[in-house]
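In what follows, a single structure is set out as structure tokens and then discussed.
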Amino acid sequence: MQGQATDIQIHAKEILRTREQLNQILARHTGQKIEKVTQDTERDYFLTSDAAKEYGLIDGIILTPIKPADKEKEKEKEKEKEKVAATP
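Numbering (this note's numbering), first residue to last: 9 to 96.
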């Protein structure tokens, strides 16, 4: 039984060491303080694309251009919204 506990302890220490290294890399590349990165990586931390850019995780946001057929559909939707809004 002692062997298993020792193995678990070794793995736990390695996980903590790896997490610290990752946090240091993230802090260095994002420009965030290590304390903030450590806090933010303790649990799941979901960001919008804008928030990820502000945080320093990404350089930019690529927007997919709308296809001509999609533009026509969007115009039709807008006209319908205007009709509904104009109806008393």
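The beta carbon of each residue, even a glycine, is placed where N, CA and C say it ideally should be.
Among Thr14, Ala13, Asp15 and Ile42, which has the Cα closest to the Cα of Arg27? Ile42
Under the assumption that Leu34 contacts Val45 (Cβ atoms under 8 Å), give the Cβ distance between them as a whole number of angstroms. 5 Å
With respect to the alpha helix (DSSP H) encompassing Thr56, which residues constitute its N-terminal and C-terminal limits? Segment: none, Thr56 is in no alpha helix (DSSP H) and carries neither H nor E.
Cα-Cα separation between Tyr63 and Gln40, rounded to whole angstroms: 7 Å
Just the C-alpha distance for Gln17 and Gln47, rounded to the nearest angstrom, thanks. 23 Å
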